[in-house]
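The opening position of the first sequence corresponds to residue 1 in the UniProt record's numbering, with each subsequent residue numbered one higher. The next block holds one structure in the form of structure tokens; read it before the comments.
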Amino acid sequence: MTIFIAEVIVDVAAYPVDRSFDYLVPEEMVSLIELGSRVKVQFGPRNVLGFVVALKQDTEVPLEKIKPISQLLDIEPVLTSEMLQLAKWLKHETICYEIDALQVMLPSALRAKYEKIITLQTDIENLPDALKPFFSQSSKVNYKEFEKNNLLHTLKMALKEKVVVLENVVKQKGQVKEVRKVQINDELEKLIALSKGISNRAKKQKVLIEWMMQHVGETLEPDTLYHETNTSPQVLQAVIELGAAKFVHEEVYRDPFSKEVGKTNFLNLTDEQSLALQKITSSMRDKRTETFLLHGITGSGKTEVYLQAIAKCLEDGKEAIVLVPEISLTPQMTERFRSRFGELVAVMHSGLSVGEKYDEWRKVHQGKVKVVVGARSAIFAPFENVGIIILDEEHESTYKQEDNPRYHARDVAIWRGKYHNCPVVLGSATPSLESYARAKKNVYSLLTLKERAMKQALPTVQIVDLREELKKGNRSMFSQELIESIESRINKKEQTVLFLNRRGYSSFVLCRDCGTVLQCQNCDISLTYHRSNEKCKCHYCGYEEFVPKFCPQCQSEHIRFFGTGTQKVEEELYKLFPHARVLRMDVDTTKTKGSHEQILEAFGEGKADILLGTQMIAKGLDYPNITLVGVLSADTSLHLPDFRSAEKTFQLLTQVSGRAGRHEKKGEVVIQTYTPEHYAIELSKAQHYEPFYEREMLMRHLAGYPPYYYLALVQISHEDVMMAAEYAQKCVEWLRSNLSFNVSIIGPTAAGISRLQNRYRYQCLIKYKIEPDLIPTLMQLIKLYRSQWIKNGILLSIDLDPTMI
DNA sequence: AGCACGCCGACT
DNA sequence: GTCGGCGTGCTC
Numbered sequence: 001m002t003i004f005i006a007e008v009i010v011d012v013a014a015y016p017v018d019r020s021f022d023y024l025v026p027e028e029m030v031s032l033i034e035l036g037s038r039v040k041v042q043f044g045p046r047n048v049l050g051f052v053v054a055l056k057q058d059t060e061v062p063l064e065k066i067k068p069i070s071q072l073l074d075i076e077p078v079l080t081s082e083m084l085q086l087a088k089w090l091k092h093e094t095i096c097y098e099i100d101a102l103q104v105m106l107p108s109a110l111r112a113k114y115e116k117i118i119t120l121q122t123d124i125e126n127l128p129d130a131l132k133p134f135f136s137q138s139s140k141v142n143y144k145e146f147e148k149n150n151l152l153h154t155l156k157m158a159l160k161e162k163v164v165v166l167e168n169v170v171k172q173k174g175q176v177k178e179v180r181k182v183q184i185n186d187e188l189e190k191l192i193a194l195s196k197g198i199s200n201r202a203k204k205q206k207v208l209i210e211w212m213m214q215h216v217g218e219t220l221e222p223d224t225l226y227h228e229t230n231t232s233p234q235v236l237q238a239v240i241e242l243g244a245a246k247f248v249h250e251e252v253y254r255d256p257f258s259k260e261v262g263k264t265n266f267l268n269l270t271d272e273q274s275l276a277l278q279k280i281t282s283s284m285r286d287k288r289t290e291t292f293l294l295h296g297i298t299g300s301g302k303t304e305v306y307l308q309a310i311a312k313c314l315e316d317g318k319e320a321i322v323l324v325p326e327i328s329l330t331p332q333m334t335e336r337f338r339s340r341f342g343e344l345v346a347v348m349h350s351g352l353s354v355g356e357k358y359d360e361w362r363k364v365h366q367g368k369v370k371v372v373v374g375a376r377s378a379i380f381a382p383f384e385n386v387g388i389i390i391l392d393e394e395h396e397s398t399y400k401q402e403d404n405p406r407y408h409a410r411d412v413a414i415w416r417g418k419y420h421n422c423p424v425v426l427g428s429a430t431p432s433l434e435s436y437a438r439a440k441k442n443v444y445s446l447l448t449l450k451e452r453a454m455k456q457a458l459p460t461v462q463i464v465d466l467r468e469e470l471k472k473g474n475r476s477m478f479s480q481e482l483i484e485s486i487e488s489r490i491n492k493k494e495q496t497v498l499f500l501n502r503r504g505y506s507s508f509v510l511c512r513d514c515g516t517v518l519q520c521q522n523c524d525i526s527l528t529y530h531r532s533n534e535k536c537k538c539h540y541c542g543y544e545e546f547v548p549k550f551c552p553q554c555q556s557e558h559i560r561f562f563g564t565g566t567q568k569v570e571e572e573l574y575k576l577f578p579h580a581r582v583l584r585m586d587v588d589t590t591k592t593k594g595s596h597e598q599i600l601e602a603f604g605e606g607k608a609d610i611l612l613g614t615q616m617i618a619k620g621l622d623y624p625n626i627t628l629v630g631v632l633s634a635d636t637s638l639h640l641p642d643f644r645s646a647e648k649t650f651q652l653l654t655q656v657s658g659r660a661g662r663h664e665k666k667g668e669v670v671i672q673t674y675t676p677e678h679y680a681i682e683l684s685k686a687q688h689y690e691p692f693y694e695r696e697m698l699m700r701h702l703a704g705y706p707p708y709y710y711l712a713l714v715q716i717s718h719e720d721v722m723m724a725a726e727y728a729q730k731c732v733e734w735l736r737s738n739l740s741f742n743v744s745i746i747g748p749t750a751a752g753i754s755r756l757q758n759r760y761r762y763q764c765l766i767k768y769k770i771e772p773d774l775i776p777t778l779m780q781l782i783k784l785y786r787s788q789w790i791k792n793g794i795l796l797s798i799d800l801d802p803t804m805i
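Structural data, given as structure tokens:
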């Protein structure tokens with residue numbers, strides 16, 4: 001007799017169980033179970049969720065050890081075999097648990113929710129008195145109830161006496177949303193017979209059934225029925241009991257799109273655009289695994305190239321994945337896709353609820369849509385016949401996931417491109433140095449758009465030296481030039497966007513007598529003052545407190561708020577331009593769902609003269625009346641202790657400048673800075689990417705950073721400083737003796753934020769060019785950590801290819 | 001990870 | 001003599 005065995009990866013993220021376990025497939029499941037199915041299994045003493053990663057007919061494991069699968073959770077498997085392979089690759093590439101790699105590909109609604117349930121075993125009278133009231137309603141009670149009421153001790157006794165038992169149940173988080181509809185009986189004769197049999201007193205029932213006779217077999221919403229026939233639920237209920245119709249439950253998708261969009265057509269392409277499109281489509285036609293870098297200046301119409309390439313892909317009967325950075329996933333952006341491809345588009349981003357995300361995912365899974373537009377995780381869209389993958393704004397750091405698995409969407413995109421033999425298009429006005437270097441070495445194919453699509457001139461950029469302003473005695477944050485420019489816009493009824501680089505610019509709370517700055521209790525970072533609720537908040541761990549009346553150090557009452565947050569700039573703007581209408585966009589004003597869109601929409605409709613904001617306004621803003629962009633301080637991001645700070649600054653400035661004058665009216669940009677001579681600022685003036693690239697590459701070469709060297713970052717943290725330092729040292733020594741001399745190891749050094757959530761953090765950086773043994777060696781380090789160091793309270797994480805240091 | 005098993009000190 | 005501390009080891 002043949003037996004069927006499934007290899008299962010269980011939902012337990014731990015080092016010793018990071019492998020598959022064999023389970024017996026019960027007979028009734030044999031024809032249903034598939035690779036990628038979710039199953040419920042007993043694992044040791046508990047019930048857990050697992051994924052079937054292989055099916056086979058024999059096993060090395062002694063049969064008496066093997067348990068059967070207890071339940072199959074999906075009729076259709078949730079993961080394709082492509083995903084299973086991808087998970088193995090991710091596990092190796094990012095050094096994570098296989099289960100984490102699998103879970104990251106699915107919407108969180110499909111993750112398991114574990115609950116402990118206590119079941120009564122005997123008569124309620126045999127229970128200790130304290131427990132009795134809990135079981136008066138039902139014999140099953142959630143463990144949490146006892147936890148809440150401090151009865152765990154009594155419960156433990158009861159468990160020991162076996163008057164109750166504890167079981168772990170696995171539940172699914174997400175729910176398929178259903179609506180109740182009425183399905184009218186499809187036999188006309190039956191309806192006629194019923195209508196004849198109805199007593200003359202039941203007039204409404206008669207009306208309803210007669211109406212149904214006109215709509216035999218249809219399924220419709222109860223409300224339509226009531227409306228059409230002027231009846232009520234009671235009448236319908238009666239008619240249903242007679243057998244004229246029945247209630248059915250229908251699966252529906254939650255609709256995250258609030259408004260309808262019209263249809264738009266293809267725009268005419270410039271020569272450059274057509275050439276780029278043609279290269280991409282011919283690569284699709286030849287099923288080449290080719291990665292393109294589409295380098296097009298702001299306003300050059302990259303999106304139109306994407307749209308037409310996707311149209312071609314759909315014509316070939318294939319699917320398309322489009323990734324955009326989270327912050328630019330605005331309605332303006334998604335509408336462009338929906339207006340072109342209508343119902344064929346699913347949108348995935350973090351603003352959706354768990355249920356909405358699940359629905360969008362199901363549309364893809366069930367083949368109802370052909371195009372996905374989404375943030376990072378949309379790269380795992382479960383399409384089976386991908387024709388093109390597009391990463392817009394390829395240089396964005398949001399494509400890198402900052403917790404496990406620490407994957408980069410670009411790498412996953414290229415992997416999937418290889419799997420499906422389809423092109424991957426990386427698009428940007430300011431490509432990451434890594435990508436541009438690869439394009440230059442012909443690893444990627446470079447496509448260039450040098451002209452703006454509608455031939456608009458680039459905005460004129462003026463760089464203002466704030467040191468000169470200071471000499472002139474202007475100590476405000478607005479230079480004379482900027483003030484004049486804003487004034488002229490207000491007079492001309494044109495709009496201004498003011499950009500504040502928030503990093504290092506948030507307002508802190510300072511004691512004027514002793515100089516103490518309020519610090520977070522858990523992190524080594526100063527608290528940020530929020531005027532809206534008069535509190536100070538830690539942006540890293542969420543800790544908050546009311547602004548103290550007296551300085552905690554010297555008891556002085558001279559406490560003041562210091563620094564330049566968006567709120568402060570707003571106040572100053574009102575002083576300078578009392579009649580200007582200002583919209584502020586920052587973490588405070590965009591807390592509620594949809595407020596982001598509302599603000600942008602209001603601005604687009606001309607309800608304000610000035611839009612003031614942080615990073616989030618740098619992207620996607622495209623309104624014809626914006627003719628001035630002001631950057632209040634360009635250099636705040638320049639002095640961060642990160643080797644990418646110059647690149648980030650250049651990208652940001654170019655991006656922001658690109659917001660001005662995208663339509664008929666000419667744009668102007670004013671950049672204020674204390675270091676106008678810095679190449680990142682100077683070269684962003686004319687959007688000269690190439691010279692910037694050359695210059696920055698030289699710097700990277702000299703300092704030994706990417707793209708010349710690869711990086712790996714190991715972070716060690718502990719509640720005790722000494723322990724953290726000691727183990728960081730241990731770690732470095734271990735790496736030195738296990739890696740070859742081709743590798744340079746820097747550290748240990750204290751991390752940028754040396755204390756976070758009450759843990760002291762150290763890190764060391766590994767720079768290498770070629771080190772084939774790096775991953776195996778790091779895996780050994782992880783093994784050492786997971787098997788020994790972890791017991792002493794050490795936390796260690798490895799980030800291959802870190803984006804921030 | 002999370003749970004059982006098992007071996008030693010301080011309590012009714 | 002028993003309760004409970006947490007070191008060790010296993011999970012198909």
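We put the CB at the ideal spot given by N, CA and C, even for glycine. Because the structure is a prediction, the values reported are computed rather than measured.
Residue i, buried or exposed, once every other Cβ within 10 Å from all chains shown has been counted against 16
i      : result
Gly504 : In this predicted model, Gly504 has a pLDDT of only 40, less than 50, meaning its place in the structure is not dependable; the value taken from the coordinates is given anyway. Gly504 should be labelled exposed.
Asp58  : exposed
Asn758 : exposed
Thr2   : exposed
Leu188 : exposed
Asn442 : exposed
Tyr785 : buried
Gly667 : buried
Tyr15  : exposed
Ala686 : exposed
Selection from the options that minimises the alpha carbon distance to residue i
i      : options                           : result
Lys56  : Met29, Ala14 and Phe4             : Phe4
Pro62  : Phe51, Gln42 and Leu24            : Leu24
Cys551 : Ser195, His639 and Val517         : Val517
Glu572 : Met454, Ser476 and Glu434         : Ser476
Asp513 : His92, Gln555 and His539          : Gln555
Asp609 : Glu570, Thr749, Ala381 and Ala112 : Glu570
Tyr709 : Arg700, Lys144 and Leu307         : Arg700
Ile599 : Lys318, Pro331 and Gly243         : Pro331
Met213 : Val239, Val497, Ile118 and Lys472 : Val239
Lys140 : Leu713, Glu677, Val164 and Leu159 : Val164
Leu447 : Ile117, Gly44, Phe292 and Asp801  : Phe292
Asn265 : His530, Ile390, Thr298 and Arg338 : Arg338
Asp801 : Asp22, Ala409, Arg201 and Val53   : Ala409
Thr496 : Thr566, Tyr540 and Val582         : Val582
Cys520 : Ser377, His539 and Glu534         : His539
Cβ-Cβ distance between residue i and residue j below 8 Å
i      : j      : result
Gly36  : Ser70  : no
Arg180 : His249 : yes
Val669 : Pro459 : yes
Ala41  : Lys65  : According to the sequence provided, residue 41 is Val. The question's Ala does not apply to it. Not closer than 8 Å, so no.
Ala309 : Leu449 : no
Leu208 : Leu236 : yes
Val104 : Gly50  : no
Val373 : Val345 : yes
Leu632 : Phe499 : yes
Proximity test, residue i beta-carbon vs the ligand HEM heavy atom, cut-off 7 Å
i      : result
Tyr762 : Among the components of this structure there are no ligands whatsoever, and the ligand HEM is therefore not found.
Exercise. Scan the region 135-170 and note each continuous beta strand (DSSP E) run of 3 residues or more that stays entirely inside, going in chain order.
Key: 140-142
Exercise. Kindly confirm or deny that the region 393-409 and the region 428-435 touch, where touching means at least three C-beta pairs closer than 8 Å.
Key: yes
Exercise. Starting from the N-terminal side, write out each stretch of the alpha helix (DSSP H) that is 4 residues or longer and does not extend beyond the region 493-544.
Key: Counting only runs of 4+ residues, no alpha helix (DSSP H) is found wholly inside the region 493-544.
Exercise. Return the chain-ordered ranges of every alpha helix (DSSP H) run that is complete within the UniProt domain "Helicase C-terminal" (546-700) and spans a minimum of 4 residues.
Key: Here the runs fully enclosed are 566-576, 595-604, 645-657 and 679-684.
Exercise. Any chance you could list the beta strand (DSSP E) runs of at least 3 consecutive residues sitting entirely within the region 23-66, in chain order?
Key: 38-43 and 46-56
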